[in-house]
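Trainee: So the sequence lines, in the order shown, correspond to chains A and B. Heads up, this note's numbering is the position in the first sequence plus 34, with the first residue counted as 1. Heads up, this note's numbering is the position in the second sequence plus 34, with the first residue counted as 1. Just so it is clear, CB atoms sit at the ideal spot from N, CA and C, and this is done for glycine as well. Structure in structure tokens, see below.
There are 2 protein chains.
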Amino acid sequence: MGRPKNFEPDVAVARAMEAFWTNGYAGTSPADLAEATGIGKGSLYHAFGSKRELFGKALDLYGQVGSEVTAAYLDEPGTAKERIRAYLAFLVELDCSGPAPRGCLAANTALELGGRDEEALRAVTRITDETIRLLGERIRRGQRDGDVAPEVDADAQARFLMNTIVGLRVMATTHELPALRGIIETALTGF
Amino acid sequence: MGRPKNFEPDVAVARAMEAFWTNGYAGTSPADLAEATGIGKGSLYHAFGSKRELFGKALDLYGQVGSEVTAAYLDEPGTAKERIRAYLAFLVELDCSGPAPRGCLAANTALELGGRDEEALRAVTRITDETIRLLGERIRRGQRDGDVAPEVDADAQARFLMNTIVGLRVMATTHELPALRGIIETALTGF
DNA sequence: CCAATTTTTGACCTCTAGTTCAAGAAAAAC
DNA sequence: GTTTTTCTTGAACTAGAGGTCAAAAATTGG
């Protein structure tokens, strides 16, 4: 009943996510969001309450999509090292392919809002911990499959790889693809 | 001649650097800068021209101090691995010791201004490249001293370590010290 | 068609960021 | 002690951020 929405909230959140990703939280004004989503400012506030709430949804979507992509890459056939290499290569390729590199929304958020927004920090922690979990699982599977040495500490290795990913996506802002590829190879010699 | 300044520009830049570091570029208003430096807004503009110019000086100072600290840590007696470990440990300790972790000003800047400010990106690149250079030098010295295997690619290793540092300083925002220490150990097994 | 309900639209409001400027204050030069 | 120069102070200005609201529009139920 009532007048129907003339946009799909999920699509709007996805578009908002792109805008926040590219320009940061503070760097994205309500007017920018209206333009990015194609929805009037008033409607946005009606539908989402506030800029911060919309950002929250965008960040959650980011985490969800990220998890799916990560899982998809790691589940392809191959050894643990091959799949993890492919995943990291995909990430830096992605970062370097756009007009201007924008890093990782989660990392950007940690840095931009970290000091002032507990909730944002929790969301970011959820996202990274989930990625760490997926990496750890994949390494353990590699151990069962026999392509990863049994003495490797899968969780420590996973945390280390997460750290490498975060680093790469910041470094993608200032450094060229070949340097980033070299970093990936060096990081992967450890297991 | 003329009325003398009643503040020391270097001190003001140092205080401004702290403010930018803690709150980001956009997050630090002229009023904040006036409070942080103890100088009237008008005087700040008279002395530095604009917020952006003051930020430029702050970023340069950050790079300069950073280089000195890095060099000092790496030059202490010990093997290359020991000194690099001590240096990384110092950084994460520093990041985790404040009331709220603030990451690395250079990395923060790359992410916040990367897309829109070429000059800022160049400054950040200078800072990271200098750190990479110092790390590479130290590893080569380790090779001469015999505490690093000669087949290690010093430059690749240095770039990898820089990446690890960047990652750590972002991860410091969301993760605890023990996890970070574990990441350092894992990163150092490579050479 | 009328009522009830939900969205849209765009004007409007307040607050702050970032900056400028005119006036006064503090020094050196003469 | 006046002039010249440079610095300080605080008021003032503009633009835009973030958000609110009243009125109109689109739907379903009766």
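Is the beta carbon of Ala53 (chain B) sitting closer than 8 Å to the one on Ala60 (chain A)?
Mentor: Taking the second sequence and counting its residues from 1, one reaches residue 53 (chain B) at position 19. Taking the first sequence and counting its residues from 1, one reaches residue 60 (chain A) at position 26. No, Cβ-Cβ distance for Ala53 (chain B) and Ala60 (chain A) is not below 8 Å.
Trainee: Note down, in chain order, each residue of its chain lying with its Cβ closer than 7 Å to the Cβ of Phe89 (chain A), except the 5 sequence neighbours on either side.
Mentor: What you label residue 89 (chain A) is simply residue 55 of the first sequence in a count that begins at 1. Same-chain partners within the cutoff: Phe54 and Tyr59.
Trainee: Between which two residues does the alpha helix (DSSP H) holding Arg150 (chain B) run?
Mentor: In the second sequence, counting from the first residue as 1, residue 150 (chain B) sits at position 116. Unbroken run through Arg150 (chain B): none, as it is neither H nor E.
Trainee: What do you get for Pro212 (chain B), buried or exposed, if any count of 16 or more other CB atoms within 10 angstroms of its CB means buried?
Mentor: Taking the second sequence and counting its residues from 1, the one referred to as residue 212 (chain B) is at position 178. Classification of Pro212 (chain B): exposed, given that the 10 Å Cβ count is below 16.
Trainee: Roughly how many whole angstroms lie between the Cα atoms of Gly170 (chain B) and Thr198 (chain A)?
Mentor: Working through the second sequence from its first residue, we reach residue 170 (chain B) at position 136. Working through the first sequence from its first residue, we reach residue 198 (chain A) at position 164. The straight-line gap from Cα to Cα measures roughly 19 Å.
Trainee: What is the residue span of the alpha helix (DSSP H) that Cys130 (chain B) lies within?
Mentor: The residue you call residue 130 (chain B) lines up with position 96 of the second sequence. Where Cys130 (chain B) is concerned, the enclosing alpha helix (DSSP H) stretches over Ala114 to Ser131.
Trainee: Any C-beta of chain A sitting closer than 8 Å to the C-beta of Val200 (chain B)?
Mentor: Start at 1 with the first residue of the second sequence, and residue 200 (chain B) comes out as number 166. Chain A, which has a Cβ nearer than 8 Å to the Cβ of Val200 (chain B), makes this yes.
Trainee: In the DSSP assignment, the alpha helix (DSSP H) including Ile217 (chain A) goes from what residue to what residue?
Mentor: Taking the first residue of the first sequence as position 1, residue 217 (chain A) is located at position 183. From DSSP, the alpha helix (DSSP H) with Ile217 (chain A) extends over Leu211 to Leu222.
Trainee: Provide the residue span of the alpha helix (DSSP H) that contains Phe41 (chain B), from first to last.
Mentor: On the second sequence, residue 41 (chain B) is found 7 positions in, with the first residue counted as 1. No alpha helix (DSSP H) contains Phe41 (chain B), which DSSP labels as neither H nor E.
Trainee: Could you check if Thr165 (chain A) is buried or exposed, using at least 16 other CB atoms within 10 Å of its CB as the buried criterion?
Mentor: For the purposes of this step, residue 165 (chain A) is taken as the residue at position 131 of the first sequence. Classification of Thr165 (chain A): buried, given that the 10 Å Cβ count is 16 or more.
Trainee: Would Glu146 (chain A) pass as an interface residue toward chain B - the criterion being a Cβ-Cβ separation below 8 Å?
Mentor: For the purposes of this step, residue 146 (chain A) is taken as the residue at position 112 of the first sequence. Yes, Glu146 (chain A) lies at the interface with chain B (some Cβ there is under 8 Å from its Cβ).
Trainee: List the residues of chain A whose Cβ lies closer than 8 Å to the Cβ of Arg119 (chain B), in chain order.
Mentor: Numbered from its first residue, the second sequence carries residue 119 (chain B) at position 85. The contacting residues do not exist; Arg119 (chain B) stays about 14 Å from chain A at best.
Trainee: Would you give the residue range spanned by the alpha helix (DSSP H) that Met205 (chain A) belongs to?
Mentor: For the purposes of this step, residue 205 (chain A) is identified with residue 171 of the first sequence, where counting begins at 1. First-last of the alpha helix (DSSP H) with Met205 (chain A): Ala188 to Met205.
Trainee: Going by C-alpha to C-alpha distance, which of B:Lys85, B:Gly76 and B:Gln191 sits closest to Val47 (chain B)?
Mentor: One-based indexing of the second sequence puts residue 47 (chain B) at position 13. Comparing Cα-Cα distances from Val47 (chain B) to each of B:Lys85, B:Gly76 and B:Gln191, the minimum goes to B:Lys85.
Trainee: Would Asn142 (chain B) be called buried (16 or more neighbouring beta carbons within 10 Å of its own) or exposed?
Mentor: By one-based count along the second sequence, residue 142 (chain B) stands at place 108. By the neighbour-count rule (16 or more Cβ atoms within 10 Å), Asn142 (chain B) is buried.
Trainee: Against Gly97 (chain B), what residues of chain A qualify as contacts under a CB-to-CB distance less than 7 Å, listed in chain order?
Mentor: What you label residue 97 (chain B) is simply residue 63 of the second sequence in a count that begins at 1. Those within 7 Å of Gly97 (chain B) in chain A number zero; the least Cβ separation is about 13 Å.
Trainee: Beta-carbon within less than 8 Å of Met196 (chain A)'s beta-carbon, same chain only, minus the 5 sequence neighbours each way: which residues are those?
Mentor: Stepping through the first sequence from its first residue, residue 196 (chain A) is reached at position 162. If we look at Met196 (chain A) and ignore the five residues flanking it on each side, its Cβ neighbours are Thr162, Thr165, Ile166 and Leu169.
Trainee: Just to make sure I have the definition right: I need the residues of chain A whose C-beta is within less than 9 Å of the C-beta of Met35 (chain B). Which are they?
Mentor: Stepping through the second sequence from its first residue, residue 35 (chain B) is reached at position 1. Neighbours of Met35 (chain B) on chain A: none; closest Cβ ~42 Å, over 9 Å.
Trainee: In angstroms with no decimal places, state the Cα-to-Cα distance between Lys91 (chain A) and Gly97 (chain A).
Mentor: In the first sequence, the residue the question calls residue 91 (chain A) occupies position 57. In the first sequence, the residue the question calls residue 97 (chain A) occupies position 63. Answer to the nearest angstrom: the Cα atoms are 10 Å apart.
Trainee: Taking contact to mean 3 or more Cβ pairs, one atom from each stretch, closer than 8 Å, check whether the stretch 202-222 of chain B and the stretch 172-182 of chain B are in contact.
Mentor: Contact between the stretch 202-222 of chain B and the stretch 172-182 of chain B is absent, because fewer than three Cβ pairs lie under 8 Å.
Trainee: Taking the beta carbon of Ala154 (chain B) as the centre, do at least 16 other beta carbons fall within 10 Å, making it buried, or is it exposed?
Mentor: Indexing the second sequence from 1 puts residue 154 (chain B) at position 120. Result: buried.
Trainee: Would you please verify whether the beta carbon of Thr162 (chain A) is less than 8 Å from any beta carbon of chain B?
Mentor: To locate residue 162 (chain A), count along the first sequence from 1; it is residue 128. It does: the Cβ of Thr162 (chain A) has a partner Cβ on chain B nearer than 8 Å.
Trainee: Residues of chain A with a CB under 7 Å from the CB of Pro212 (chain B): which are they?
Mentor: By 1-based counting over the second sequence, the position of residue 212 (chain B) is 178. Chain A residues near Pro212 (chain B): none, gap ~10 Å exceeds 7 Å.
Trainee: Please report the Cβ distance between Leu93 (chain B) and Ala157 (chain B), rounded to the nearest whole angstrom; I am assuming they are in contact, meaning their Cβ atoms lie under 8 Å.
Mentor: As a working note, residue 93 (chain B) is residue 59 in the second sequence. As a working note, residue 157 (chain B) is residue 123 in the second sequence. Going by Cβ atoms, the distance from Leu93 (chain B) to Ala157 (chain B) rounds to 5 Å, so yes, they are a contact pair.
Trainee: Interface residues of chain B around Gln191 (chain A) at Cβ under 8 Å?
Mentor: Here residue 191 (chain A) is taken as the residue at index 157 of the first sequence, counted from 1. Going along chain B in sequence order, the residues near Gln191 (chain A) (Cβ under 8 Å) are Thr220.
Trainee: Please determine, among B:Glu102, B:Leu95 and B:Ala134, the residue with the shortest C-alpha to C-alpha distance to Asp44 (chain B).
Mentor: Against the second sequence, residue 44 (chain B) aligns to sequence position 10. With distances taken between Cα atoms, Asp44 (chain B) lies closest to B:Leu95.
Trainee: Could you name the residues of the same chain whose beta carbon sits closer than 8 Å to that of Ala65 (chain B), not counting the 5 residues immediately before and after it, in chain order?
Mentor: As a position in the second sequence, residue 65 (chain B) is number 31, starting the count at 1. For Ala65 (chain B), where only same-chain residues beyond five positions count, the Cβ hits under 8 Å are Lys75.
Trainee: Quick check on Phe89 (chain A): does DSSP put it in helix, strand or coil?
Mentor: As a first step, residue 89 (chain A) is located in the first sequence; it is residue number 55 there, counting from the start. Phe89 (chain A): helix per DSSP, three-state reduction.
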